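Asks:
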Amino acid sequence: MDALTGETVELLQTLIRNQCVNDGTAASGHEIRSADVLQSYLEGAAVDIERFEPTPGRSSLVVRIEGSDPNAPSVCLMGHTDVVPVNPDTWDRDPFGGEIVDGEVWGRGAVDMLNITSSMAVAMRQLSTNGFRPKGDLIYFAVADEESGSKHGAQWVADHAPEAIRCDYLLTESGGIHTGDADVPFIGINTGEKGVAWRKLRIHGTPGHGSAPFRSDNALVKAAAIIQKLAAYQPAPRFHELWREEVESLGLDDETTNGLLDEKRLDDVLASMSHTGTARRLHACSHTTFSCNVVEGPMKTNIIPGVIDLGVDIRTLPGEDASDVEAHLHAALGSLADDVDVEIVMNDVASISRTDNPMWDALQRAINARFPSARLRQQLVAGFTDARIFRRMGSIAYGAGLFSPDLQAADYAARFHGNNERIDIESLRLTTQLWLDVVRDLMG
Ligand SMILES: [Zn+2]
């Protein structure tokens, strides 16, 4: 292992062991542990450092190498330091051990996204200790609270100290997986994200005694009917500007490809597809989706509940806004809509960054330096990342990275928030090198 990759591995192990688990509560995360580690790793190099801690323990770190030309484009390398919770019983190794087994680093965050957060820090330190002076500002942003909607992290900094992170180009999680023909692979770069429209549906009934339910008005029974309606609701598919490229790069047979590109046949093709993971991803990228995931209320076995709150995770397609979400809910619920108050929990529309710019070209060159025949492929991801906040601020934002050709897309996807999360050391080497190559090319 070369020295630089060794630094990325070691830093990744430390970040995994810090267990910055974000369970959605303000008191979780404890990203201050990793902000401290990253600050001491980067301190001493010729950089400016700022810290933000909007909520106790939820620290984010901004590190800057000032550019020599105020008119040159600025670049921000952003990685989140929090990880999602884990059930250790379903893992083959300690999720917070950071063990190396057969050339892979194991642990929660190994692909989402401490691998990238650590490789970006190593590239940053390498550049500054070697006296690299970028033309525009080069920023490293190690940010808290990505996994629960960014309120204690990127959204807070964007609202309260936007100048600290304002940039022309943002690179973050998580592209760089090889797909298609191994001789002329596609490398996926996330150029867009679906919208997030989390809603809380408050369902009203009349409270009463559980011993006498006859002719009662039970909010939980209504909630069950509403959940069934939302689960069965299937809005028609709609194709966005990246759909054709996405489908064509899958390398499927002509019959399947043509079916996926036909709005009338798409749903049937997805229903009969043998690989569930691929079908699920393609469905998400071509439909507005509704997933009922939380039920809350005064739950007691002898009380008929008078009110139930239902948490619904809605993900919208490019071009849809809050009024479209409202129309969908009305269409799905029919007359039951009258019994429901809708509260907006999160409302971020889908975002897509263009590719006709020097950053895209620099990424292409940097990836071709390692894989000469590879072509970049734009992709829209169903999940959200902090990139959406930067796109709203006017940045061009890409989910990038560069992984080993041996890492299969389906295996990689299954490790996100999944069991046995791990990353091979070759991928850590390639990703570290990618940031160095892109920054030197674009900003040198
Ligand atoms: Zn992530």
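Just so you know, we're using numbering that gives the first Met the number 0 here: the sequence shown kicks off at 0 and counts up by one.
Backbone N, C-alpha and C fix where the C-beta goes; we use that ideal spot for every residue, glycine too.
Small disclaimer: the values here were computed from a predicted structure and weren't measured.
Quick check: the stretch 148-162 against the stretch 271-289, are there 3 or more CB pairs under 8 Å?
Replies: No, the stretch 148-162 is not in contact with the stretch 271-289.
Asks: Is any heavy atom of ligand 2 found at a distance shorter than 6 Å from the C-beta of Glu342?
Replies: No copy of ligand 2 appears in this structure; the ligands present are ligand 1.
Asks: Measuring CB to CB, does Ser67 end up less than 7 Å from Arg107?
Replies: Not closer than 7 Å, so no.
Asks: Between which two residues does the beta strand (DSSP E) holding Met442 run?
Replies: Segment 424-442 is the alpha helix (DSSP H) holding Met442; no beta strand (DSSP E) there.
Asks: Could you check whether Leu200 and Val339 sit closer than 7 Å to each other, using their CB atoms as the reference points?
Replies: Taking 7 Å as the Cβ cut-off, Val339 and Leu200 qualify as a contacting pair.
Asks: Short of 7 Å in beta carbon distance, which residues of its chain neighbour Leu10, apart from the five on each side in sequence? Order them along the chain.
Replies: The residues are Tyr40, Ser117, Ala120, Val121.
Asks: Shorter than 6 Å, the distance from the beta carbon of Asp385 to the closest heavy atom of ligand 1, or not?
Replies: Not under cutoff, so the answer is no.
Asks: Using the Cα positions of Val62 and Glu49, report the straight-line distance between them to the nearest angstrom.
Replies: In a straight line, the C-alpha of Val62 is about 7 Å away from that of Glu49.
Asks: Go to Tyr411, then tell me how far its alpha helix (DSSP H) extends in each direction, as first and last residue.
Replies: Start and end: 408-414.
Asks: By DSSP, does Val311 sit in helix, in strand, or in coil?
Replies: In this structure, Val311 counts as strand in the three-state DSSP scheme.
Asks: Is it the case that the CB of Met442 approaches a heavy atom of ligand 1 more closely than 6 Å?
Replies: Because no heavy atom of ligand 1 lies under 6 Å away, the Cβ of Met442 does not count as near it: no.
Asks: Pick out whichever of Asp312, Ala25, Leu281 has its Cα sitting closest to the Cα of Val294.
Replies: Selected option, being the one with the closest Cα: Asp312.
Asks: Can you list, in chain order, the residues of its chain whose CB lies under 8 Å from that of Ala373, leaving out five sequence neighbours each side?
Replies: Excluding sequence neighbours, Ala373 sits near His177, Val183, Pro184, Phe185, Ile186, Ile366, Asn367.
Asks: On the CB-based measure, 16 or more other CB atoms within 10 Å of its CB, does Glu30 come out buried or exposed?
Replies: Counting Cβ neighbours within 10 Å, Glu30 comes out buried, since at least 16 surround it.
Asks: Using only alpha-carbon positions, find the residue among Gly250, Val268, Ala326 that is nearest to Ser285.
Replies: Checked all of Gly250, Val268, Ala326; the closest Cα to Ser285 is Val268.
Asks: So Pro84 packs on Val20, CB below 8 Å; how close in whole Å?
Replies: That pair is a contact at about 5 Å.
Asks: Helix, strand or coil for Lys193 per DSSP?
Replies: Looking at Lys193 - three-state DSSP - the assignment turns out to be coil, as it is neither helix nor strand.
Asks: Going by beta-carbon coordinates alone, are Phe383 and Val195 separated by less than 7 Å?
Replies: Taking 7 Å as the Cβ cut-off, Phe383 and Val195 qualify as a contacting pair.
Asks: Quick one: give me the first and last residue of the alpha helix (DSSP H) that Asn292 is part of.
Replies: Taken as a continuous stretch (DSSP letters only), Asn292 belongs to no alpha helix (DSSP H), being part of the beta strand (DSSP E) at 288-295.
Asks: Which value, in whole angstroms, describes the spacing of the CA atoms of Met0 and Pro297?
Replies: So the alpha carbons of these two residues sit roughly 57 Å apart.
Asks: Between Leu435 and chain B, is the shortest Cβ-Cβ distance under 7 Å, so that the two count as touching?
Replies: In the structure shown, chain B does not exist; there is a single protein chain.
Asks: Should the stretch 199-214 be regarded as contacting the stretch 396-405, the criterion being three or more beta carbon pairs within less than 8 Å?
Replies: No, they do not touch.
Asks: Leaving out five residues before and five after Asp111 in sequence, what residues of the same chain have Cβ atoms less than 6 Å from its Cβ?
Replies: Once the five neighbours on either side are set aside, the close Cβ partners of Asp111 are Phe415.
Asks: My assumption, with CB atoms under 8 Å, is that Ser350 sits in contact with Glu192. Please give the rounded CB distance.
Replies: At roughly 6 Å, the Cβ-Cβ gap stays under 8 Å, so Ser350 and Glu192 are in contact.
Asks: Compute the beta-carbon to beta-carbon distance between Arg236 and Leu265, rounded to the nearest angstrom, for a pair I have assumed lies under 8 Å.
Replies: Just to set this straight, residue 236 is Pro in the shown sequence, not Arg. Indeed, because the Cβ distance is near 5 Å, the residues count as touching under 8 Å.
Asks: Lys199 lies in the beta strand (DSSP E); which residues open and close that run?
Replies: First-last of the beta strand (DSSP E) with Lys199: 198-203.
Asks: Mapping DSSP to helix, strand and coil, what is Thr89?
Replies: Helix, per DSSP.
Asks: Are there any heavy atoms of ligand 1 lying less than 6 Å away from the beta-carbon of Glu172, as far as the coordinates show?
Replies: Yes.
Asks: Per DSSP, which residues does Cys475 bridge with? Please list them.
Replies: As displayed, the chain neither begins before 0 nor continues past 443, which places residue 475 out of reach and without an answer.
Asks: Does at least one heavy atom of ligand 1 sit under 6 Å from the Cβ of Met358?
Replies: Outside the cutoff, so no.
Asks: How would you call Lys299, buried or exposed, if buried means at least 16 neighbouring beta carbons within 10 angstroms?
Replies: With fewer than 16 Cβ atoms within 10 Å of its Cβ, Lys299 is classed as exposed.
Asks: The alpha helix (DSSP H) that contains Ala2, what's its start and end?
Replies: First-last of the alpha helix (DSSP H) with Ala2: 2-16.
Asks: With DSSP collapsed to three states, give me the class of Val104.
Replies: Three-state result, Val104: strand.
Asks: Would you give the residue range spanned by the beta strand (DSSP E) that Leu476 belongs to?
Replies: Lying before the first or after the last residue shown, residue 476 is absent from the chain, which here runs from 0 to 443.
Asks: In three-state terms, what does DSSP make of Arg50?
Replies: Strand, per DSSP.
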